[in-house]
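Visitor:
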Amino acid sequence: MRTLLLGIFCTMLAFSQTNAAHKEKASTATQKPLVTFVELGSVNCVPCKMMQPVMKAVEEKYNGKVKVVFHDVWTKDGAKHGERYRIRVIPTQVFLDANGKEFFRHEGFFPEKDIDALLEKQWSK
Numbered sequence: 005m006r007t008l009l010l011g012i013f014c015t016m017l018a019f020s021q022t023n024a025a026h027k028e029k030a031s032t033a034t035q036k037p038l039v040t041f042v043e044l045g046s047v048n049c050v051p052c053k054m055m056q057p058v059m060k061a062v063e064e065k066y067n068g069k070v071k072v073v074f075h076d077v078w079t080k081d082g083a084k085h086g087e088r089y090r091i092r093v094i095p096t097q098v099f100l101d102a103n104g105k106e107f108f109r110h111e112g113f114f115p116e117k118d119i120d121a122l123l124e125k126q127w128s129k
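In terms of this note's numbering, the sequence shown is residues 5 to 129.
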């Protein structure tokens with residue numbers, strides 16, 4: 005009997021922690037991002053390929069605070085975004101605030117540590 009009660013208690017404890025983690029993840033996912041990081045490049049350009057792990061790391065690190073968007077401007081669908089943001093070279097990174105207003109732009113490879121510094125500076129204003 006004691007073993008049965010212990011088993012039930014452990015099961016309930018595990019489910020309650022899983023549910024709390026799920027609720028936290030869901031609230032983060034529904035939160036409006038503070039920054040949108042728009043990467044304009046191509047899957048065929050070397051510096052653009054170097055940005056792929058950087059974009060993934062930023063998205064994971066800031067978990068809902070930063071929305072990362074990639075547009076391949078060498079495709080028919082992506083070309084319109086290159087025109088919209090008036091890019092001159094690829095890759096180009098455009099950072100938008102929560103209202104969609106551009107607050108920073110960078111051309112070429114942009115290291116993760118520099119993006120971190122940019123975001124911290126933006127959020128400290």
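Heads up, the beta-carbon is just placed ideally off N, CA and C, and yes, glycines get one too.
1. Roughly how many angstroms separate the alpha carbons of residue 81 and residue 46, rounded to a whole number?
2. Quick check on the DSSP output: the alpha helix (DSSP H) that includes residue 88 runs from which residue to which?
3. Looking at C-alpha atoms only, which residue of 77, 128, 127 is the closest neighbour of residue 94?
4. Can you round the beta-carbon distance between residue 123 and residue 86 to whole angstroms, since I take them to be within the 8 Å contact cut?
5. Return the chain-ordered list of same chain residues with a C-beta closer than 6 Å to the C-beta of residue 117, the five sequence neighbours on each side being excluded.
6. Applying the criterion that 16 or more other CB atoms from any shown protein chain within 10 Å of the CB defines a buried residue, is residue 58 buried or exposed?
Guide: Quick answer:
1. 12 Å
2. 80-88
3. 77
4. 24 Å between Cβ atoms; not a contact.
5. none
6. buried
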